[in-house]
Every structure is written in C-alpha cells, then in structure tokens.
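Taking it in order: structure first as structure tokens, then the write-up.
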Amino acid sequence: MRINLTFRFAVAALSMALGVVVGRAESPYISVYDNASTPVRHAADRLSQFTMLPVERGPASQQVVRIELNSSSNPSIATQGYTIRSSADGAIAIRGNTEEGAANGIYTFLRTLMIEHRKDPFSRRWAIEEKPHFALRTMLVSPYRFGASYGFAALSPDRWSLEDWKKYVDFMRLCNITTLIMGSERMYHPDYPNSWREKWRYEVWKQVMDYCHQVGMKFNWYITPSLVTEQAFWDNPDKRADQEAGSWSGNGLSWNKGKDIILKNQKYTLEYFRGLDGLEIIFSDGGGFSFDIADPAGYIADATRSYIQLMKETGNDAQFVFWNWILDFWSNVMIRKPILEKYPKYKTMQDDVIPLLPKNVAWVDTSVLTLTQSLWKYIQDAGNPPLRETVLLGKEKGFKPVIDLFWYMNPEFSINMFPRPLIRRGMQEAAYARDELGADGVMGYRLAPPCRFIDDYVYFRLASDPGLTQEQLVNELAGLLCERPESQPQVKEGINTLERFWTTHKLADIEKAEGLFRTLLAREKSKDLEYVSNGVTFLTYIVRMAQPDVTSAQKDDLKTQLYQTVKPMYIFQGLTTDIVWLPEARRFFSARVDMMVEDYRGPSAAGSPYPEVVDRSIYPHATSKPFTLRWPNRSVGAGGHE
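Heads up: take any position in the sequence shown, counting from 1, add 14, and you land on this note's numbering.
See below:
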C-alpha cells in the first residue's frame with residue numbers, strides 16, 4: 015500500500031508539473047476556509063506534513079480534505095466539537111461550529127491516521143461526530159529535578175529547551191488538551207542580580223506561552239502566593255514564612271510581614287508573561303501556608319484580591335484560578351494539633367474562606383476518591399475523621415468553572431518518574447468527575463513526563479471521553495508507539511501487564527512487562543517507546559531491590575547492575591553522570607536509588623493494602639457533607655495485607 019501511495023503521489027506530482035491529467039482529474043489536497051485563524055492553519059499544516067497533501071486552494075475535487083465552519087450551528091457538537099465525514103463523491107469534510115471545534119476536528123483526524131498508520135485519508139470512510147466532555151482539559155507541569163540537573167538532564171522540564179517544550183505541547187494538542195499550566199518555584203527579577211541565572215528559563219517559558227497560543231492552547235501560570243526570588247528570601251530573614259510544619263522548603267515570605275516585597279517580586283513576572291490566560295494560586299501547600307498567620311481565610315481572601323488587582327495593573331486579562339486544595343482535609347487530617355490549638359481558625363478555614371472569595375474565580379480541588387487512594391494512611395492515622403467532597407462543595411457554592419485535579423498520579427516522589435498507566439483508576443476518576451461531581455474541567459499533574467507517555471495519553475484521552483475502555487485506550491497507544499503493525503500485540507501485552515503490576519506488585523509482572531518493551535527496541539524507532547521501555551527497565555531493578563528476601567550484598571550487586579544498565583540510556587544521563595566527577599555521580603545515584611526503593615515500599619505504592627482502583631464501598635457516593643470513610647476490616651489489595 016505504501017508503494018502504491020508513493021507511486022500515486024509521484025504520478026500526481028509529475029502530472030501537475032506537465033499540466034497533464036493522469037488517472038484522476040485532480041491531485042488530492044487540503045482546503046482551509048478563508049481567513050482561518052492561526053491555530054486552524056497550524057493544525058492543517060501538521061496534517062499536511064503527515065499526509066504529504068498540500069494545503070492550497072483548488073477546484074472542486076473528489077480528493078480533497080475540506081476544513082469548514084458550519085453555516086448554521088450544529089447544537090450536538092457545541093463550541094469544541096466537530097464532525098468528520100466522507101461524502102458520496104469521496105471527499106472528506108471536517109467541520110466545527112467554531113474555529114476551536116474545527117481545529118479539534120483536524121487533530122482528531124490526524125491522530126486517527128497516526129494510530130491507524132494511514133497516510134492516505136481517502137482509503138477509509140469517515141463518520142465521526144463528537145465533542146469533548148470536559149470543557150477544560152488541562153495539565154500542570156511543575157519542573158522538579160529529581161536529582162537530575164547536572165547539565166545533561168532531559169528527564170525534567172526544569173532544563174527543557176524550547177524544542178523539548180514544543181514536542182510536549184504538540185503531544186497535548188494532538189489529544190485536544192486545552193491548557194498548559196506552568197508551575198515553577200523559579201523566579202527571575204532584574205532588580206535581584208542573583209536571580210539572573212533563572213533568566214533563560216523565563217525566556218524559554220515566554221516562547222512556550224507564545225507557542226501555546228499559536229496552536230490554540232491556553233497558558234496558565236501557577237504559583238504559591240508567598241513566593242519571591244531566592245535573593246529576596248535571603249535578604250529578609252525576619253520576614254520569611256514559617257513553613258516547617260508543612261514540610262516545605264521554598265523562597266517564601268510571610269504575607270503578613272512581607273506582602274509589599276512579595277507583590278513587587280511577582281509584578282515583574284506578571285508583566286513579563288503579559289498575555290497569559292490564567293493565574294493559578296495554591297494557598298495551602300508547597301509553601302502557601304505560613305503558620306504565623308492566625309486567620310488563614312482572611313489571608314487567602316486578601317491575597318486573592320491583591321493578585322487580581324496586580325493582574326489588572328500589569329495588563330493581564332486573565333482568569334484567576336483558586337486552588338481550594340483540600341482545605342477541609344488539611345483542617346481535619348494534616349495540620350498538626352499544636353497549630354490548631356494556637357490558631358483555631360485553621361480548623362474552620364474551609365467554611366470561613368468561601369464567603370470571602372469572588373464567585374467569578376475558578377475552583378480547583380482533588381476528590382475524596384483520590385484522597386482515599388493516595389492519602390489513606392494519613393486519614394487512618396488521624397482517626398478517620400469525616401471528610402467532605404470539596405470539588406462538589408465548590409460547585410454547590412456557585413464557583414465556575416470547577417476543576418477536578420487528577421492528583422492520583424501522586425507525583426512528588428522520584429519513584430513516580432517511571433511508567434504507571436493508571437488506566438482503570440483514570441477511567442474511574444473520569445467517570446466520577448462526569449457523573450457525580452459534574453465537573454467543568456479536569457487537570458493532570460506531571461513533574462517528569464518523558465517516561466510517562468502511556469500515563470499522559472490515558473489521561474489526555476479520558477479528559478475528552480470518560481467512556482473509553484481499557485481496550486480502546488491500549489489499542490490507540492499501540493498504534494502510536496509502534497511503527498510496525500506486527501509489533502502492536504506485544505506492546506498491548508506490555509501495557510496491560512504493566513497496568514496489572516501496579517495492583518499486584520508481583521516481580522514476575524514487572525519483569526514480563528520489561529522484557530516485552532525492551533525486546534521491541536531493536537525493530538521499533540519511536541523515542542516514546544524507547545523512554546517507556548527505559549523507565550520500565552529502571553523500575554524493574556527497583557522492584558527487585560525492594561523484595562523482602564534481598565540481602566544488603568545482593569542489593570549492592572543489583573544497584574551496580576542497574577547503574578551499568580541505564581548508564582547508556584540518554585534519558586537518564588542526569589542521574590548517572592556528572593559534568594566532571596564520575597565517582598561523585600555514582601554516590602548520588604546510589605542515594606537516589608535507595609530513596610526510590612524506600613518510596614516503592616511505602617504507603618503510596620507496594621506498601622498500600624488497597625488496589626489502585628478505589629473500592630466504592632469505602633466511599634459510596636459524592637457528598638459535600640462530612641462523611642466517615644468505611645474502611646474494610648480486612649484489606650484485599652496488593653499483598654493481601656491485614
């Protein structure tokens with residue numbers, strides 16, 4: 015088929031050059047409506063690059079992919095949906111009610127061709143009518159280093175070039191994700207000379223923002239409200255935030271003591287990123303709290319008003335996104351008793367803050383299902399206090415849009431740089447957000463994406479269609495990861511085995527998945543597949559070292575084998591090498607691996623008595639009223655722990 019298609023294009027090109035019609039009256043092409051926006055034209059260009067069909071004006075033709083806006087609105091596809099249909103004469107029409115819908119249709123068309131390894135779009139019939147379920151489909155990328163920032167690191171976005179970012183944005187756009195959220199604890203301000211080493215990051219991120227807009231995506235900026243440059247933090251020791259009780263380490267000042275300095279630092283950033291689409295602020299985590307403030311709700315409200323005003327002053331007409339971030343959970347589970355006794359308003363801050371906030375701010379939170387899965391031990395250790403579904407609480411209190419953060423990706427530990435598909439858990443959360451929360455949007459969270467192509471794709475697709483099955487998702491992934499159709503069954507088995515491993519935690523499962531991915535690399539050239547395979551190989555050694563019968567000597571031997579195995583892998587350069595001293599790099603590598611083994615044994619992975627998919631008998635239905643989780647007397651999850 016490829017030979018015939020190549021021959022056909024060669025003949026068509028020759029006939030056009032000679033002005034002779036050969037076989038067909040016209041050569042195939044892509045037609046875009048007049049005055050189409052930059053995102054639509056960018057999408058058409060990507061389609062053209064893949065299919066080798068030119069984007070041009072041409073006569074009526076049976077062999078044309080027509081991109082059009084509906085002359086009258088089609089209510090079934092709303093603003094973001096599209097139709098893709100073959101006509102009786104063989105032409106293909108991609109239509110939307112809006113330019114956003116038309117662009118989404120082009121990307122769905124392109125993605126389908128890529129999955130099916132089909133360069134000729136006219137070789138099949140098209141009959142698609144769909145719209146993304148969640149209007150907001152977002153991904154927060156917070157560039158942690160995971161110990162891999164020696165100048166060689168491609169693993170962490172902390173050191174990504176513009177081209178690295180563009181590849182990830184292109185992946186997001188291919189899946190019709192609406193928004194990239196840039197989260198960073200890095201700050202640059204020209205008045206602080208020590209911050210100039212961060213200038214290059216701002217320059218890259220500004221270009222990333224511009225590129226997002228070119229492809230039709232939004233770019234949001236995410237911060238804690240107390241963040242200042244590193245130099246401002248060190249220059250003002252008397253104004254530093256009291257963050258130790260929250261286990262944070264950051265460049266934060268106390269809002270009560272350093273508000274003016276904070277806003278001065280942040281003003282430059284908001285001016286630099288003028289044109290951003292949203293400012294997202296987390297008040298309760300990562301340094302957002304300073305435990306010298308007696309009235310947290312008053313602080314949150316004042317900071318919200320101050321940042322909204324600062325956006326106006328810097329010419330940013332951006333959405334303010336309020337991260338409620340489990341305030342109720344913090345009050346009942348996480349904040350230490352001495353702080354609650356000293357400052358009683360931390361106990362009531364969830365109810366206190368709601369009437370103080372403007373209702374036109376977006377509301378982000380994570381679900382009780384996610385808390386049950388990820389933070390079960392904290393809940394049980396705190397005596398299992400009643401919890402509220404605060405995603406639903408935001409909706410009931412009139413905030414819009416309301417966004418469910420899929421924090422089940424449990425990202426902060428370095429063990430989570432490795433592939434973890436979360437297919438069934440993702441399906442569960444997407445259906446819960448759709449059916450019980452009525453969320454307007456969903457959000458993913460990623461720190462080191464390169465090894466997590468599978469994980470990202472599963473989330474991206476469920477954000478558009480919560481009804482997708484595991485079989486459908488795995489089939490699509492196999493088409494994208496493999497160039498050769500004969501490789502797809504092996505990749506599917508590898509993905510399904512990897513998914514099973516994260517529930518069983520059986521060494522045999524991860525070793526089987528590792529072999530399935532690794533043995534494909536000799537004949538498959540996809541970088542995404544290579545990085546997935548590399549990540550599974552690294553993870554397999556971690557699981558081996560975590561086995562209960564492994565001696566210290568055996569662990570040291572496995573660690574040496576791991577180092578030699580992953581040292582040639584490009585994606586792990588930042589973990590295995592140093593600019594100068596190899597012995598120093600090996601010592602850091604050893605310490606990092608020890609932490610990974612500890613993390614894997616911990617309550618968020620193999621140490622959990624519960625499977626990844628939440629048992630709904632524990633939390634039968636979403637409610638904004640306090641509910642006591644019904645933990646089973648005998649846990650039957652991984653390892654069958656009592």
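For glycine and all other residues, C-beta sits at the position ideal for the given N, C-alpha and C.
Put Trp269 into one of helix, strand or coil per three-state DSSP.
-> In the sequence shown, the residue the question calls residue 269 occupies position 255. Helix at Trp269.
Just the Cα atoms here: how many angstroms apart are Tyr236 and Met325?
-> Translated into the one-based positions of the sequence shown, residue 236 becomes position 222. Translated into the one-based positions of the sequence shown, residue 325 becomes position 311. If you take the alpha carbons of Tyr236 and Met325, they lie about 13 Å apart.
Quick one: what's got a C-beta closer than 6 Å to Pro640's C-beta in the same chain, skipping five residues either side?
-> The residue given as residue 640 occupies position 626 in the sequence shown. Only Pro400 and Arg402 meet the Cβ criterion.
Output the distance between the C-alpha atoms of Ala39 and Gln76, rounded to the nearest integer angstrom.
-> Here residue 39 corresponds to residue number 25 of the sequence shown, with the count starting at 1. Here residue 76 corresponds to residue number 62 of the sequence shown, with the count starting at 1. Residue placement at Ala39 is poorly supported in this model, since its pLDDT is 46, which falls under 50; the coordinates are not used for a value here.
Do Ala447 and Met363 come within 9 Å of each other at the CB atom, strictly closer than that value?
-> Translated into positions along the sequence shown, residue 363 becomes position 349. Translated into positions along the sequence shown, residue 447 becomes position 433. No, Cβ-Cβ distance for Met363 and Ala447 is not below 9 Å.
Should the stretch 434-454 be called in touch with the stretch 505-516, which here means at least 3 C-beta pairs below 8 Å?
-> yes
CA nearest to the CA of Ile353, picked from Asp309, Arg319, Ile44 and Glu114 = Counted from its first residue, the sequence shown places residue 353 at position 339. Minimum Cα distance to Ile353 is reached at Asp309.
Touch test, the stretch 452-468 against the stretch 142-155, Cβ-Cβ under 8 Å, three pairs minimum = yes
Looking at the structure shown, is Gly397 part of a helix, part of a strand, or coil, going by DSSP?
-> Counting from one through the sequence shown, the residue named residue 397 turns up at place 383. It is coil, neither helix nor strand.
Verify whether the separation of the beta carbon atoms of Cys496 and Ser540 is less than 9 Å.
-> Here residue 496 refers to the residue found at position 482 when the sequence shown is read from its first residue. Here residue 540 refers to the residue found at position 526 when the sequence shown is read from its first residue. Their beta carbons are under 9 Å apart, which means Cys496 touches Ser540 by this criterion.
Output the distance between the C-alpha atoms of Val389 and Pro369, rounded to the nearest integer angstrom.
-> Counted from its first residue, the sequence shown places residue 389 at position 375. Counted from its first residue, the sequence shown places residue 369 at position 355. Here residue 389 turns out to be Leu, not Val, going by the sequence shown. Distance from the CA of Leu389 to the CA of Pro369, rounded to the nearest whole angstrom, comes to 28 Å.
Reference Asn338; option with closest CA among Lys361, Asp274, Val505 and Ser298 = For this step, residue 338 is matched to residue 324 along the sequence shown. Comparing Cα-Cα distances from Asn338 to each of Lys361, Asp274, Val505 and Ser298, the minimum goes to Ser298.
Within its chain, find whatever has a CB closer than 6 Å to the CB of Lys526; leave out the 5 residues flanking it on each side and keep chain order.
-> Here residue 526 refers to the residue found at position 512 when the sequence shown is read from its first residue. So the list reads Thr511, once near-sequence residues are dropped.
Is it right to say Tyr392 is buried, meaning 16 or more other beta carbons lie within 10 angstroms of its own, or is it exposed?
-> Walking along the sequence shown from the start, residue 392 turns up at place 378. With fewer than 16 other Cβ atoms within 10 Å, it is exposed.
Beta carbon of Asp379 nearer than 9 Å to that of Val405 | Looking up residue 379 in the sequence shown gives position 365. Looking up residue 405 in the sequence shown gives position 391. Contact flag set, yes.
What did DSSP end up calling Phe427 once you bin it into helix, strand or coil?
-> The residue you call residue 427 lines up with position 413 of the sequence shown. Coil.
Per-residue DSSP class, three states only, for Gln442 | Numbered from 1 along the sequence shown, position 428 holds the residue referred to as residue 442. It is helical.
In or out: Thr283 buried (at least 16 other Cβ within 10 Å) or exposed?
-> Here residue 283 refers to the residue found at position 269 when the sequence shown is read from its first residue. Looking at its Cβ environment, which holds 16 or more other Cβ atoms inside 10 Å, Thr283 is buried.
Should Leu534 go down as buried or exposed, given a rule of 16 or more other Cβ atoms within 10 Å for buried?
-> As a working mapping, residue 534 is identified with position 520 in the sequence shown. Here Leu534 is buried, its C-beta having at least 16 other C-beta atoms within 10 Å.
Pick from Pro372, Met153, Pro617 and Leu596 that is closest to Thr193, judged by C-alpha positions = Within the sequence shown, residue 193 is the residue found at index 179, counting from 1. Considering only alpha carbons, the answer is Met153.
Beta carbon of Asn279 nearer than 9 Å to that of Tyr206 = Residue numbering aside, residue 279 sits at position 265 when the sequence shown is read from its first letter. Residue numbering aside, residue 206 sits at position 192 when the sequence shown is read from its first letter. Yes, Cβ-Cβ distance for Asn279 and Tyr206 is below 9 Å.
First and last residue of the beta strand (DSSP E) that includes Gln333?
-> Residue 333 sits at position 319 when you count from the first residue of the sequence shown. Start and end: Gln333 to Trp337.
Check whether the Cβ atoms of Pro625 and Thr517 lie closer than 9 Å to each other.
-> Taking the sequence shown and counting its residues from 1, the one referred to as residue 625 is at position 611. Taking the sequence shown and counting its residues from 1, the one referred to as residue 517 is at position 503. It is a contact, given that the beta carbons lie within the stated cut-off.
7 Å Cβ shell around Arg600 - same chain, five flanking residues per side excluded = In the sequence shown, counting from the first residue as 1, residue 600 sits at position 586. If you ignore the 5 residues before and after Arg600, its C-beta comes within less than 7 Å of the C-beta of Tyr577, all in its own chain and listed in chain order.
Looking at His56 and Ala116, is the spacing between their C-beta atoms short of 9 Å?
-> As a working note, residue 116 is residue 102 in the sequence shown. As a working note, residue 56 is residue 42 in the sequence shown. Taking 9 Å as the Cβ cut-off, Ala116 and His56 do not qualify as a contacting pair.
At which residues does the alpha helix (DSSP H) containing Ala315 begin and terminate?
-> Taking the first residue of the sequence shown as 1, we reach residue 315 at position 301. That run of the alpha helix (DSSP H) goes Pro310 to Glu327.
Measure the CB-CB distance between Gln587 and Ala168 and report whether it falls below 9 Å.
-> Here residue 587 corresponds to residue number 573 of the sequence shown, with the count starting at 1. Here residue 168 corresponds to residue number 154 of the sequence shown, with the count starting at 1. Result yes, Cβ atoms of Gln587 and Ala168 sit closer than 9 Å.
Asp205 - containing beta strand (DSSP E), residue span = Against the sequence shown, residue 205 aligns to sequence position 191. Where Asp205 is concerned, there is no enclosing beta strand (DSSP E), given that its DSSP letter is neither H nor E.
Residue from Thr642, Asp274, Leu277 and Asp184 whose Cα sits closest to the Cα of Met231 = Here residue 231 is taken as the residue at index 217 of the sequence shown, counted from 1. It is Asp184.
Beta-carbon proximity list for Lys373, same chain, < 7 Å, skipping 5 on both sides | Sequence index remark: in the sequence shown, residue 373 carries index 359 (1-based). Around Lys373: Gly412 and Phe413.
Closest to Val557 by CA distance: which of Glu538, Glu244, Val594 and Tyr614 is it?
-> Residue mapping note: residue 557 aligns to position 543 of the sequence shown, counting from 1. If we check each option's Cα against that of Val557, Tyr614 comes out closest.
Inspect the beta-carbon positions of Glu199 and Gly264 and report whether they are closer than 9 Å.
-> Along the sequence shown, one-based indexing puts residue 199 at 185. Along the sequence shown, one-based indexing puts residue 264 at 250. Cβ atoms of Glu199 and Gly264: closer than 9 Å.
Euclidean distance between Cα positions of Glu143 and Phe531 = By one-based count along the sequence shown, residue 143 stands at place 129. By one-based count along the sequence shown, residue 531 stands at place 517. The straight-line gap from Cα to Cα measures roughly 35 Å.
Three-way DSSP call (helix, strand, coil) for Lys133 in this model = Here residue 133 refers to the residue found at position 119 of the sequence shown. It is coil, neither helix nor strand.
Based on the DSSP output, what are the partners of Tyr182 in its beta bridges?
-> Walking along the sequence shown from the start, residue 182 turns up at place 168. Its beta-bridge partners do not exist; DSSP assigns none.
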